[in-house]
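Engineer: Pasting a structure below so you can have a look.
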Amino acid sequence: MRDEWEHAHTDYTMPVQRRIPASLAESESDWREYLERSTPNGWLIQNNAMTEALVSGRPMDLLHVTRNIDAIRTSRELHVSTGCLVGALYCSPLVRQRNGLRPHNLGAYLMRTKPSTTPMVFEVVPDAPIRPKGVDYLHLGPIHLRTHRRYRSFLTPAENDQLDRAVLTRLRTASGFLDIALRNAVGHAAPASEFIDQLSDAVAHVPFLGYLYFEVLSEYLMLHSAAPETKRYAQAGELNNWLYKRLAFTAVDGMDQLFDLARFNPHHHRLVQLIEGIEPALGRGVAEYVRRRLSHLFARTALHPSQDAASVTFQGADLSSLHEAAPGLIGQMVFREIRYMPRYRQLYHCFEKSKALEAWDYWNVEGIPTPFNGILPKGEIGINPVYPRSAVRAWTAEQDSKGYLHPVEEVTAVFTPHLASWWAPPRKCETQDAAGDSRGEVTAIPAHWSPVNGVSA
Numbered sequence: 013m014r015d016e017w018e019h020a021h022t023d024y025t026m027p028v029q030r031r032i033p034a035s036l037a038e039s040e041s042d043w044r045e046y047l048e049r050s051t052p053n054g055w056l057i058q059n060n061a062m063t064e065a066l067v068s069g070r071p072m073d074l075l076h077v078t079r080n081i082d083a084i085r086t087s088r089e090l091h092v093s094t095g096c097l098v099g100a101l102y103c104s105p106l107v108r109q110r111n112g113l114r115p116h117n118l119g120a121y122l123m124r125t126k127p128s129t130t131p132m133v134f135e136v137v138p139d140a141p142i143r144p145k146g147v148d149y150l151h152l153g154p155i156h157l158r159t160h161r162r163y164r165s166f167l168t169p170a171e172n173d174q175l176d177r178a179v180l181t182r183l184r185t186a187s188g189f190l191d192i193a194l195r196n197a198v199g200h201a202a203p204a205s206e207f208i209d210q211l212s213d214a215v216a217h218v219p220f221l222g223y224l225y226f227e228v229l230s231e232y233l234m235l236h237s238a239a240p241e242t243k244r245y246a247q248a249g250e251l252n253n254w255l256y257k258r259l260a261f262t263a264v265d266g267m268d269q270l271f272d273l274a275r276f277n278p279h280h281h282r283l284v285q286l287i288e289g290i291e292p293a294l295g296r297g298v299a300e301y302v303r304r305r306l307s308h309l310f311a312r313t314a315l316h317p318s319q320d321a322a323s324v325t326f327q328g329a330d331l332s333s334l335h336e337a338a339p340g341l342i343g344q345m346v347f348r349e350i351r352y353m354p355r356y357r358q359l360y361h362c363f364e365k366s367k368a369l370e371a372w373d374y375w376n377v378e379g380i381p382t383p384f385n386g387i388l389p390k391g392e393i394g395i396n397p398v399y400p401r402s403a404v405r406a407w408t409a410e411q412d413s414k415g416y417l418h419p420v421e422e423v424t425a426v427f428t429p430h431l432a433s434w435w436a437p438p439r440k441c442e443t444q445d446a447a448g449d450s451r452g453e454v455t456a457i458p459a460h461w462s463p464v465n466g467v468s469a
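Numbering-wise, this note's numbering comes out as the position in the sequence shown, counting from 1, plus 12.
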């Protein structure tokens, strides 16, 4: 169990230590070397302001925005959410300056795009320098699968059968592309434009691919951008979060209502248009980057490290063998498929609290009161609600005309090991289960959903 959580965390200040499948054309170290040394902003992977603040051991100021400040005042409790930080209060860094607290560019984005929310300032006083180990939700698949196996008895036999049939049907439908991705990962390059179109079609059957697709593009934009805005943020030690936010909301209608990356699936021509619309010079190289990077990440996150990527095939494979060969992919698929079940609202805490408890234990042992999204240290940072060795204070805040935040009223509330109630607006989605029946009304949880006391932040 602990090995799985260690595998899901990345420390960019240390050499690569994660085990990966055999036969991959490029190692994780190869990619780290390329990203850090051959991209304009790669130096920020190690030398960013957030990492420096973590390892300093000094008090950290964090921004959180909430729509439900009255509930927090009344209950005097702070609940955390699931999502990319597993079970933490979703925040972004603040920097103390003479004129006030300056938001990280991610926080500035949240402040500008969520005007009906109340900004809160949290001061976290750690007991020691914090290990800069970030959780990478793309690597949580084995943990999702183990959790499902542990609580499989909570589902009815019919629900378990439906889940297995749905996962297997989706795998069989997308197996051609999944094998293409593995072949690319071991060095058999396909034409980039064809790869992107096949990827786009496969997202509907394997929604996890939409998350991979988006995160690869986010990485590409943040590390390769040479825009003045990006350079300005880099001078402050920050990767530019506005780039991938623009990408998401331009690519998918209604993404502002439900941040659901299972719907992120631009075809090749549309992909180039999207990237050129954000930064024209980056359009030409994006397809080949996605082909190489997504194939590599798919092999790493889908397959068990003991596997040889050159010998794995998804075509014709049965579910039990794929549980052993590709636990990461099966776990991610189960995690997303189970959320479409009618009873998931009632079962949400059973599955998600189990993972949160494990994450909290890992963070406490590792000395991490403020976990962050470790796909890249881009500023998505949270507060561990049960860290026993740090002090946390909270205030409501006001923003001045120059964008600085100023604490106004201290909020008397304590963190509790409680996940905010599951909620997300319903959406229409036509899918086919293994029996061929159409299921209409389904609900999905946003990737970076971050509520407090049951209300989305």
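All C-beta atoms, glycine included, are put in the ideal place defined by N, C-alpha and C. Quantities reported herein were computed from a predicted structural model and do not represent experimental measurements.
What do you get for Asp15, buried or exposed, if any count of 16 or more other CB atoms within 10 angstroms of its CB means buried?
Structural biologist: Counting Cβ neighbours within 10 Å, Asp15 comes out exposed, since fewer than 16 surround it.
Engineer: Taking Phe326 as the reference, give the member of Arg30, Leu190, Leu167 and Pro141 with the closest Cα.
Structural biologist: Looking at the Cα atoms, Leu190 is the closest of the given residues.
Engineer: Output the residue ranges of the alpha helix (DSSP H) runs that lie fully inside the stretch 164 to 217 and measure 4 residues or longer, sorted by chain position.
Structural biologist: DSSP runs (the alpha helix (DSSP H)) wholly in the stretch 164 to 217: 169 to 197 and 204 to 215.
Engineer: Once the 5 residues before and after Leu150 are set aside, which same chain residues still bring their CB inside 6 Å of it?
Structural biologist: Correct list, in chain order: Thr313.
Engineer: With Pro131 and Met62 assumed to form a contact (beta carbons below 8 Å), what rounded beta-carbon distance in angstroms separates them?
Structural biologist: That pair is no contact at about 19 Å.
Engineer: Taking C-beta to C-beta, are Val179 and Glu48 nearer than 7 Å?
Structural biologist: No, Cβ-Cβ distance for Val179 and Glu48 is not below 7 Å.
Engineer: Starting from Ser318, follow the alpha helix (DSSP H) in both directions and report where the run begins and ends.
Structural biologist: Run containing Ser318: none; DSSP gives neither H nor E here.
Engineer: Would you kindly work out how many angstroms separate the C-alpha atoms of Asp73 and Phe134, rounded to a whole number?
Structural biologist: Computed Cα separation, rounded: 6 Å.
Engineer: In terms of residues, what are the limits of the beta strand (DSSP E) holding Phe134?
Structural biologist: Per DSSP, Phe134 belongs to the beta strand (DSSP E) from Thr130 to Val137.
Engineer: Taking Cβ positions, are Leu235 and Thr51 nearer each other than 7 Å?
Structural biologist: Yes, the Cβ-Cβ distance between Leu235 and Thr51 is below 7 Å.
Engineer: Within a Cβ cutoff of 8 Å, which residues of the same chain sit near Glu300, ignoring the five residues on either side of it in sequence?
Structural biologist: Here the set comprises Ala204.
Engineer: Start and end of the beta strand (DSSP E) containing Asp23?
Structural biologist: From DSSP, the beta strand (DSSP E) with Asp23 extends over His21 to Asp23.
Engineer: Tell me the DSSP secondary structure of His91 in three-state form.
Structural biologist: Strand.
Engineer: Within 10 Å of its beta-carbon, does Pro438 have 16 or more other beta-carbons around it, so buried, or fewer, so exposed?
Structural biologist: Model confidence at Pro438 stands at a pLDDT of 45, short of 50, so the residue's coordinates are unreliable; what they give is reported in the following sentence. Looking at its Cβ environment, which holds fewer than 16 other Cβ atoms inside 10 Å, Pro438 is exposed.
Engineer: Just the Cα atoms here: how many angstroms apart are Pro339 and Ser165?
Structural biologist: The straight-line gap from Cα to Cα measures roughly 20 Å.
Engineer: Would Ser212 be called buried (16 or more neighbouring beta carbons within 10 Å of its own) or exposed?
Structural biologist: With 16 or more other Cβ atoms within 10 Å, it is buried.
Engineer: Compute the beta-carbon to beta-carbon distance between Phe271 and Ala263, rounded to the nearest angstrom, for a pair I have assumed lies under 8 Å.
Structural biologist: Incorrect: roughly 12 Å between the Cβ atoms, too far for contact.
Engineer: How is Ser366 classed by DSSP in three states: helix, strand or coil?
Structural biologist: Ser366 falls in the helix class under three-state DSSP.
Engineer: Given a cut-off of 7 Å, decide if Pro138 and Gly69 are closer than it, judged by their beta-carbon atoms.
Structural biologist: Contact: yes.
Engineer: Taking Cβ to Cβ, would you say Pro397 is nearer than 7 Å to Pro429?
Structural biologist: Yes. Within cutoff.
Engineer: Taking only the alpha-carbon atoms, compute the straight-line gap between Arg282 and Glu378 and give it to the nearest angstrom.
Structural biologist: Approximately 43 Å between the Cα atoms of the pair.
Engineer: Taking the DSSP output, what are the residues bridged to Trp407?
Structural biologist: For Trp407, which the question treats as bridged, DSSP gives the partners Val133 and Glu422.
Engineer: Taking C-beta to C-beta, are Phe347 and His217 nearer than 7 Å?
Structural biologist: Going by C-beta atoms, Phe347 is not nearer than 7 Å to His217.
Engineer: Measure the C-alpha to C-alpha separation of Glu291 and Glu40 and round it to an integer number of angstroms.
Structural biologist: Their Cα atoms are separated by approximately 27 Å.
Engineer: Going by alpha carbons, who is nearest to Gly112 out of Ala425, Val423, Gln411 and Asp265?
Structural biologist: Here the closest residue by C-alpha is Gln411.
Engineer: Would you be able to state if there are at least three C-beta pairs under 8 Å between the stretch 364 to 376 and the stretch 88 to 100?
Structural biologist: Counting Cβ pairs under 8 Å, three or more are found: they touch.
Engineer: Within a Cβ cutoff of 7 Å, which residues of the same chain sit near His361, ignoring the five residues on either side of it in sequence?
Structural biologist: Only Leu431 meet the Cβ criterion.
Engineer: Thinking C-beta only, is Val198 closer than 7 Å to Ala322?
Structural biologist: Yes.
Engineer: Using the rule of at least 16 other Cβ atoms within 10 Å of the residue's Cβ for burial, across every protein chain shown, is Glu364 buried or exposed?
Structural biologist: By the neighbour-count rule (16 or more Cβ atoms within 10 Å), Glu364 is buried.
Engineer: Tyr232: beta carbon under 6 Å from a heavy atom of the ligand SAM?
Structural biologist: As far as ligands go, the structure on display features none, and thus does not contain the ligand SAM.
Engineer: What runs of the alpha helix (DSSP H), each 4 residues or longer, lie entirely inside the stretch 262 to 343?
Structural biologist: 280 to 290, 298 to 314 and 331 to 337, all fully within the stretch 262 to 343.
Engineer: By Cβ distance, which residues of its chain are closer than 7 Å to Leu273, with the 5 residues on each side in sequence left out?
Structural biologist: Around Leu273: Gly222, Tyr223, Phe226 and Ala459.
Engineer: Going by beta-carbon coordinates alone, are Asp209 and His279 separated by less than 7 Å?
Structural biologist: In this structure, His279 lies closer than 7 Å to Asp209 by Cβ.
Engineer: Please return the same chain residues whose Cβ sits closer than 8 Å to the Cβ of Glu241, not counting the five positions on each side in sequence.
Structural biologist: So the list reads Asn252 and Trp254, once near-sequence residues are dropped.
Engineer: So who's on the other strand from Val147, going by DSSP bridges?
Structural biologist: BP columns for Val147 point to His21 and Asn385.
Engineer: Measuring alpha carbon to alpha carbon, tell me which residue in Ala403, Val420, Arg401 and Pro400 is nearest Ala409.
Structural biologist: When only C-alpha atoms are compared, the closest one is Val420.
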